[in-house]
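**Q** In our numbering, the protein residues as written are -3 to 235.
No residue lacks a Cβ here, since even glycine has one placed at the ideal position from N, Cα and C.
These numbers were taken from a predicted model, which means no experiment stands behind them.
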């Protein structure tokens, strides 16, 4: 099989145990290049565990094959990003941290400033450049993290429940930025979500996890309103 015909990521019979607890049970799935795959499932169903396995953060049995076509870079938007409200770091300085060697407390170079300004503009955050991180809303933080994860352009973008705690308007803004980033870069996206409506809007492939792959396929069928009650319980949002 040619490299172009291979999926970007292949997860083959991946099993994860923690002492006597079975976290993932022979999970297999494939991420097509340029696609958006959304993992849904109840709390504790193994979604974040699967992401940790793909990122190489935990031990597992089975195989995970990464068929990189370019940089092999992975961008990550985490589920939780704690911000110390007293930290004197602005949104612009946050983006500059990993884009120049000189500490930002000594100033931001002209080239880095231009790059940061472009990222902020693309995220709709130009007006937030000089605002402390602690003053940003949840939606603004998530858009900032997405901009950070997408530069340089990754081959794989991983998002672990990025819309948690956001209001509907912020969720839709984030989704629009994500779809625009995918359209512009062709990045492959793996996303965890508790929101079935969001999964239907975004996913090319929907996967319901319950420590194993309970169901997968096109979201119109996999996440249909009339899915079996047992599966409906699996994807119930947290209370």
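Let me check understanding here. Comparing Cα to Cα, which of 71, 31 and 41 lies closest to residue 19?
**A** Per the Cα distances, 41.
**Q** Suppose you measure from the CA of residue 157 to the CA of residue 99; what does that come to, to the nearest Å?
**A** Cα-Cα distance, rounded: 31 Å.
**Q** Tell me residue 128's beta-bridge partners as DSSP assigns them.
**A** 86, per the DSSP bridge assignment.
**Q** Mapping the DSSP letters down to three states, classify residue 44 as helix, strand or coil.
**A** Three-state result, residue 44: helix.
**Q** Let me know the secondary structure DSSP gives residue 184 once reduced to three states.
**A** Correct three-state label for residue 184: strand.
**Q** With the cut-off set at 8 Å, would you say residue 189 and residue 159 are in Cβ contact?
**A** The answer is yes: Cβ separation under 8 Å.
**Q** Would you mind reading off the limits of the beta strand (DSSP E) that contains residue 21?
**A** From DSSP, the beta strand (DSSP E) with residue 21 extends over 17 to 27.
**Q** Between the stretch 22 to 29 and the stretch 113 to 130, do three or more beta carbon pairs fall short of 8 Å?
**A** No: fewer than three Cβ pairs fall under 8 Å.
**Q** Could I get the ranges of all uninterrupted beta strand (DSSP E) runs contained in the stretch 129 to 177, with 3 residues as the minimum, in chain order?
**A** You should have 152 to 156.
**Q** How would you call residue 236, buried or exposed, if buried means at least 16 neighbouring beta carbons within 10 angstroms?
**A** Any property of residue 236 remains undetermined from this structure, which presents the chain solely from -3 to 235.
**Q** Taking Cβ to Cβ, would you say residue 73 is nearer than 8 Å to residue 141?
**A** Contact: yes.
**Q** Considering residue 109, what are the terminal residues of the alpha helix (DSSP H) in which it resides?
**A** 106 to 118 is the extent of the alpha helix (DSSP H) around residue 109.
**Q** If we ignore side chains and look at the alpha-carbon of each, how far apart do residue 105 and residue 173 end up?
**A** Spanning the two alpha carbons is a distance of roughly 27 Å.
**Q** Can you find at least 3 beta carbon pairs, one from the stretch 10 to 17 and one from the stretch 49 to 58, that sit closer than 8 Å?
**A** Yes, the stretch 10 to 17 touches the stretch 49 to 58.
**Q** So, under 8 Å CB-CB, residue 195 and residue 5 are touching, yes? Tell me the CB distance rounded to an integer number of Å.
**A** The pair is not a contact, with the Cβ atoms about 18 Å apart (cut-off 8 Å).
**Q** Considering just the uninterrupted stretch of the beta strand (DSSP E) at residue 202, what are its terminal residues?
**A** Element bounds for residue 202: 201 to 205.
**Q** Count the other C-beta atoms from every protein chain shown that fall within 10 angstroms of the C-beta of residue 180, then say buried if there are 16 or more, exposed otherwise.
**A** Burial call: exposed.
**Q** How is residue 222 classed by DSSP in three states: helix, strand or coil?
**A** Model confidence at residue 222 stands at a pLDDT of 45, short of 50, so the residue's coordinates are unreliable and nothing is read from them.
**Q** Which residue marks the beginning of the beta strand (DSSP E) containing residue 211, and which one marks its end?
**A** First-last of the beta strand (DSSP E) with residue 211: 209 to 213.
**Q** With residue 198 and residue 32 assumed to form a contact (beta carbons below 8 Å), what rounded beta-carbon distance in angstroms separates them?
**A** Contact holds; Cβ gap of about 5 Å.
**Q** Under the three-state reduction of DSSP, which class applies to residue 13: helix, strand or coil?
**A** Residue 13 falls in the strand class under three-state DSSP.
**Q** Can you check which of these residues, 207, 206, 201 and 182, is closest to residue 219 by C-alpha distance?
**A** Checking every option, the nearest Cα to that of residue 219 belongs to 201.
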